[in-house]
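Peer 1:
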Amino acid sequence: MRATIVYFSQTGNTEKVAYELADQLQRAGYEVTPLLFEDVADFPEALQGVDLLGIGFPTFFGYPPQFVLDMIAGLDKADGTGAFVFTTYGGATAGDSLYDAASALAKKGYRFLGGLKIEGADNYPQGIALRINAGRPDGTDMNAVDEFAGKILDALRSGRSLDPEKLASTNEFFVGSRNKPRQEVLRSIFKNVQGKIVFDDKQCLFCETCKKSCPTKSITSGEAFPEFSWTCIGGMHCFQCIRVCPGKALHAEFPGTIEDYQKFWAPISDSPEEKRRTYVAA
Ligand SMILES: Cc1cc2nc3c(=O)[nH]c(=O)nc-3n(C[C@H](O)[C@H](O)[C@H](O)COP(=O)(O)O)c2cc1C
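Mapping the sequence shown onto UniProt numbering, position 182 (from 1) lands on 182, and the numbers just tick up by one.
Written out as structure tokens, the structure is:
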């Protein structure tokens, strides 16, 4: 039996969950291939003929990063292969991220088994400054991951599936946004908290680490310096280039204060009930 877990992780939270899931599946006798989103195009065979597919990503402003949905849309049609999704989020909201990814997989003919959301250290710059969820995912989170893996395997063996609709967020902001164009919703979320990335060519080491680590390949080799498209993830920034730059040639400037950031997130954060919801085929 073969399973592939495709994941994207900038700061390791989703990767930690991906490897815990891989470990559990291996213990259950699966041959597991963990695969980074960046490598999917180079290893198409890792997705062919698998018995189980898992897809994991951090939540970006309440949704999956667009390239996750693009990757799923590019998959071959599946004939009832079992699939699950997982996301890590900084404790504000997982929004409709699982719902969107699950719906996309079901549309491709996968038999959807379940979704998992786990809180991780908030890696959005203002969240880092506030040390939101520092240390997570922790041991308790890993227990939840193990439990989820067991339930997924059980659903797979017994032929059960889960309607992706069950993953739709109950958070009023996301319920009210479902019929609006995605770009409009995203803009309304990040316009107040989105930083601007500034490049200082005097500090640039020409190492292209930023280019290599960009999840959307929005950085290309220029004549002398890297060229940034700044469209990044559908108009938003993930700041990965800033995090990895060894020369400190990139930094972010934010429009508001930390207080503005907190004031902004509070009304669109998930309720404790929404955070506790679990989604597995029963
Ligand atoms: C561009 C961006 C948008 C984010 N949006 C959200 C969000 O909507 N809700 C939330 O709780 N956390 C949000 N976060 C925090 C990440 O989802 C969280 O830190 C995640 O666990 C990071 O996973 P990773 O370490 O695998 O990259 C965002 C982070 C970034 C970079």
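Heads up, the beta-carbon is just placed ideally off N, CA and C, and yes, glycines get one too.
Determine the DSSP secondary structure at Arg2, reduced to helix, strand or coil.
Peer 2: Stepping through the sequence shown from its first residue, residue 2 is reached at position 2. Three-state DSSP puts Arg2 in a strand.
Peer 1: Express the C-alpha separation of Leu98 and Asp146 in angstroms, rounding to a whole number.
Peer 2: If you number the sequence shown from 1, residue 146 lands on position 146. If you number the sequence shown from 1, residue 98 lands on position 98. C-alpha separation (whole angstroms): 18 angstroms.
Peer 1: Can you look up Val85 in the DSSP assignment and give me helix, strand or coil?
Peer 2: In the sequence shown, the residue the question calls residue 85 occupies position 85. Strand at Val85.
Peer 1: Would DSSP call Ile219 helix, strand or coil?
Peer 2: The residue labelled residue 219 in the question sits at position 219 within the sequence shown. The answer is strand: DSSP assigns Ile219 an E or B state.
Peer 1: Here's the rule I'm using: 16 or more other beta-carbon atoms within 10 Å means buried, otherwise exposed. How should Arg111 be labelled?
Peer 2: Position 111 of the sequence shown, counted from the start, is the residue given in the question as residue 111. Answer is buried; the Cβ neighbour count reaches 16.
Peer 1: Taking the Cβ atom as the reference point for each residue, do Cys129 and Ile233 lie within a distance shorter than 8 angstroms?
Peer 2: Against the sequence shown, residue 129 aligns to sequence position 129. Against the sequence shown, residue 233 aligns to sequence position 233. First, the amino acid is wrong: residue 129 is Ala here, not Cys. No, Cβ-Cβ distance for Ala129 and Ile233 is not below 8 angstroms.
Peer 1: Which word fits Phe37, buried or exposed, when buried means at least 16 other C-beta atoms lie within 10 angstroms of its C-beta?
Peer 2: As a position in the sequence shown, residue 37 is number 37, starting the count at 1. It is buried - the Cβ of Phe37 has at least 16 other Cβ atoms within 10 Å.
Peer 1: With C-beta atoms as the reference, is Gly195 less than 8 angstroms away from Phe254?
Peer 2: Taking the first residue of the sequence shown as 1, we reach residue 195 at position 195. Taking the first residue of the sequence shown as 1, we reach residue 254 at position 254. Contact flag set, yes.
Peer 1: Less than 7 angstroms separating the Cβ of Asn171 from some heavy atom of ligand 1?
Peer 2: Reading the sequence shown from its first residue, position 171 is the one you call residue 171. Not under cutoff, so the answer is no.
Peer 1: Nearest-angstrom Cα distance between Asp270 and Ala224?
Peer 2: Stepping through the sequence shown from its first residue, residue 270 is reached at position 270. Stepping through the sequence shown from its first residue, residue 224 is reached at position 224. Roughly 45 angstroms separates the two Cα atoms.
Peer 1: Per DSSP, what kind of secondary structure is Leu36 in: helix, strand or coil?
Peer 2: Walking along the sequence shown from the start, residue 36 turns up at place 36. Three-state DSSP puts Leu36 in a strand.
Peer 1: When every heavy atom of ligand 1 is checked, does at least one fall within less than 7 angstroms of the C-beta of Phe225?
Peer 2: The residue labelled residue 225 in the question sits at position 225 within the sequence shown. The answer is no for Phe225.
Peer 1: For Phe43, which residues of its own chain have a beta-carbon under 7 angstroms away from its beta-carbon, when the five flanking residues on both sides are left out?
Peer 2: For this step, residue 43 is matched to residue 43 along the sequence shown. Result list for Phe43: Leu35, in chain order.
Peer 1: For the structure I just gave you, are there three or more beta carbon pairs, one from the segment 67-87 and one from the segment 176-196, closer than 8 angstroms?
Peer 2: Touching, no.
Peer 1: So, Thr209 versus Val244, is the Cβ gap smaller than 8 angstroms?
Peer 2: In the sequence shown, residue 209 corresponds to position 209, counting from 1. In the sequence shown, residue 244 corresponds to position 244, counting from 1. In contact: Thr209 and Val244 (Cβ atoms closer than 8 angstroms).
Peer 1: Please determine, among Val280, Met236 and Ala78, the residue with the shortest C-alpha to C-alpha distance to Gly62.
Peer 2: On the sequence shown, residue 62 is found 62 positions in, with the first residue counted as 1. Comparing Cα positions, the closest option is Met236.
Peer 1: So is Asn171 buried or exposed if we call it buried at 16+ other beta carbons inside 10 Å?
Peer 2: Here residue 171 is taken as the residue at index 171 of the sequence shown, counted from 1. Asn171 is buried by the Cβ-count criterion.
Peer 1: Quick one: using the 10 Å Cβ neighbour count with 16 as the cut-off for buried, is Gly139 buried or exposed?
Peer 2: Within the sequence shown, residue 139 is the residue found at index 139, counting from 1. Exposed, by the Cβ-count rule.
Peer 1: Please give me, in chain order, every unbroken run of the alpha helix (DSSP H) with length at least 4 that falls completely inside the UniProt domain "Flavodoxin-like" (3-153).
Peer 2: DSSP runs (the alpha helix (DSSP H)) wholly in the UniProt domain "Flavodoxin-like" (3-153): 13-27, 66-73, 97-107 and 125-129.
Peer 1: Could you check if Gln10 belongs to the surroundings of ligand 1, using beta carbon to heavy atom distance under 7 angstroms?
Peer 2: The count along the sequence shown starts at 1 and reaches residue 10 at position 10. Gln10: yes, Cβ under 7 angstroms from ligand 1.
Peer 1: Is Cys214 a contact residue of ligand 1, with contact defined as CB to any heavy atom under 7 angstroms?
Peer 2: Locating residue 214 in the sequence shown gives position 214, counting from the first residue. No, Cβ of Cys214 sits at least 7 angstroms from all heavy atoms of ligand 1.
Peer 1: Quick check on Thr226: does DSSP put it in helix, strand or coil?
Peer 2: Translated into positions along the sequence shown, residue 226 becomes position 226. As written in the sequence, residue 226 is Pro, which differs from the Thr given in the question. Three-state result, Pro226: strand.
Peer 1: Whole-angstrom Cβ separation of Asp96 and Ser169, contact assumed at under 8 angstroms?
Peer 2: Locating residue 96 in the sequence shown gives position 96, where the first residue counts as 1. Locating residue 169 in the sequence shown gives position 169, where the first residue counts as 1. Contact holds; Cβ gap of about 5 angstroms.
Peer 1: Taking 7 angstroms as the cut-off, is the C-beta of Thr88 nearer than that to any heavy atom in ligand 1?
Peer 2: Against the sequence shown, residue 88 aligns to sequence position 88. Thr88: yes, Cβ under 7 angstroms from ligand 1.
Peer 1: By Cβ distance below 8 angstroms, which residues in the same chain neighbour Gln26 in space, the five residues on each side in sequence not counted?
Peer 2: For the purposes of this step, residue 26 is taken as residue 26 along the sequence shown, with counting starting at 1. Contacts found: Val32.
Peer 1: Of all the options Phe228, Gly115 and Ile152, which has the alpha carbon lying nearest to the alpha carbon of Val198?
Peer 2: As a first step, residue 198 must be located in the sequence shown, where it is residue number 198. Nearest of Phe228, Gly115 and Ile152 to Val198, Cα basis: Phe228.
Peer 1: Are the Cβ atoms of Thr11 and Asn133 separated by less than 8 angstroms?
Peer 2: Along the sequence shown, read from residue 1 onward, the residue named residue 11 stands at position 11. Along the sequence shown, read from residue 1 onward, the residue named residue 133 stands at position 133. For Thr11 and Asn133, no; Cβs fall outside 8 angstroms.
Peer 1: What is the C-beta distance between Gly120 and Tyr89, in whole angstroms, given that I count them as a contact (C-beta under 8 angstroms)?
Peer 2: The residue labelled residue 120 in the question sits at position 120 within the sequence shown. The residue labelled residue 89 in the question sits at position 89 within the sequence shown. With a Cβ gap of about 7 angstroms, Gly120 and Tyr89 count as contacting.
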